[in-house]
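The structure appears below as structure tokens.
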Amino acid sequence: MHAMQYAITLPADYDMQIIRHRVKSRGHLLDDFTGLGLKAYGIRERGVDGSPVNQYAPFYLWADPDAMNRFLLGDGFRGVVRDFGRPPVQHWQGLFHRPGPAAGAVPCAFTRRTETLAEDADLAAAVAGAMAGHEELAATDGVHTTALGLDPRHWELVHFTLWADASPRSAGDRYEVLHLSAPEAGRLTSGRQW
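The sequence shown begins at 2 in our numbering and counts up one residue at a time.
Listed below in structure tokens is the structure:
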């Protein structure tokens, strides 16, 4: 599994209906993309749920890293670049993935939180602790899916959770999910990978 996200921050007065229409008309195009575990088409709107910005920021869990490369070098991402410019793409090695009790529901939100590991942290202990937290979170009512990833360049963990209903305020940055493509969610690796 590999996690990925890019964020396109839009002007404060941007009409977010444009993004809503874009996702409504194009979101289905990845519903059968080979190698994609899931893509949550997320947005944040300035002044809603504490967001300071208007932002289109989809989050991906890839079952196959080659599929991620195929997407980034293909027509789908080419359209993003054409319409908004080429955004930086963050990515993390997958450490943990688990569906939750609400996995059969349509998610309406996701949260994303990053955590930089301290210079003197015991890396194995920090990752084990984060994985245990996600194992517990995966059993929480309202959780559709939860995942954990690691960026060893910046020694950063990303905590990603899809929610069937509104997400808790303490869970991180909150995004509204406009569409979920999950063609190969069943292929995402679950549990300990090291």
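For each residue, glycine too, the CB sits at the ideal point set by N, CA and C. Model, not experiment: these values are computed from the prediction.
DSSP bridge partner residues for residue i (one or two, in chain order)
i: residue 164; result: 110 and 144
i: residue 91; result: 6
i: residue 97; result: 149
i: residue 177; result: 44 and 110
i: residue 61; result: 5 and 40
Neighbour-count burial assignment, residue i, 16 or more Cβ in a 10 Å radius
i: residue 95; result: buried
i: residue 107; result: exposed
i: residue 97; result: buried
i: residue 122; result: exposed
i: residue 85; result: exposed
i: residue 169; result: exposed
i: residue 45; result: buried
i: residue 135; result: buried
i: residue 3; result: buried
i: residue 59; result: buried
i: residue 158; result: buried
i: residue 99; result: buried
i: residue 6; result: buried
Cβ shell of residue i (< 6 Å), same chain only, five flanking positions each side left out
i: residue 193; result: At residue 193 the pLDDT is 46, less than 50, meaning the model places this residue with poor confidence; the figure from the coordinates comes in the next sentence. Counting only Cβ-Cβ distances below 6 Å, and skipping sequence neighbours, we find nothing.
i: residue 114; result: 160 and 173
i: residue 152; result: 93
i: residue 64; result: 36, 38, 185, 188 and 189
Presumed contact (8 Å Cβ cut-off) between residue i and residue j, rounded CB distance
i: residue 181; j: residue 156; result: With 8 Å as the limit, residue 181 and residue 156 do not qualify as a contact, their Cβ atoms being about 30 Å apart.
i: residue 179; j: residue 47; result: Between residue 47 and residue 179 the Cβ distance is about 16 Å, and since that is not below 8 Å, they are no contact.
Same chain, Cβ closer than 8 Å to residue i, neighbours up to 5 away in sequence not counted
i: residue 200; result: With the chain represented from 2 up to 195, any question about residue 200 goes unanswered, as that position is not in the structure.
Own chain, CB closer than 7 Å to residue i, minus 5 neighbours either side, in chain order
i: residue 32; result: 182 and 184
i: residue 15; result: 55
Checklist entry - Are the stretch 145-159 and the stretch 16-27 touching by the rule of at least three beta carbon pairs closer than 8 Å? => result no
Item to check | Three CB pairs or more closer than 8 Å across the stretch 35-43 and the stretch 73-90 | outcome: no
Next on the checklist: Counting beta carbon pairs with one atom in the stretch 151-163 and one in the stretch 105-122, are three or more of them shorter than 8 Å?
Outcome noted: yes
Checklist entry - Between the stretch 50-68 and the stretch 172-179, do three or more beta carbon pairs fall short of 8 Å? => result yes
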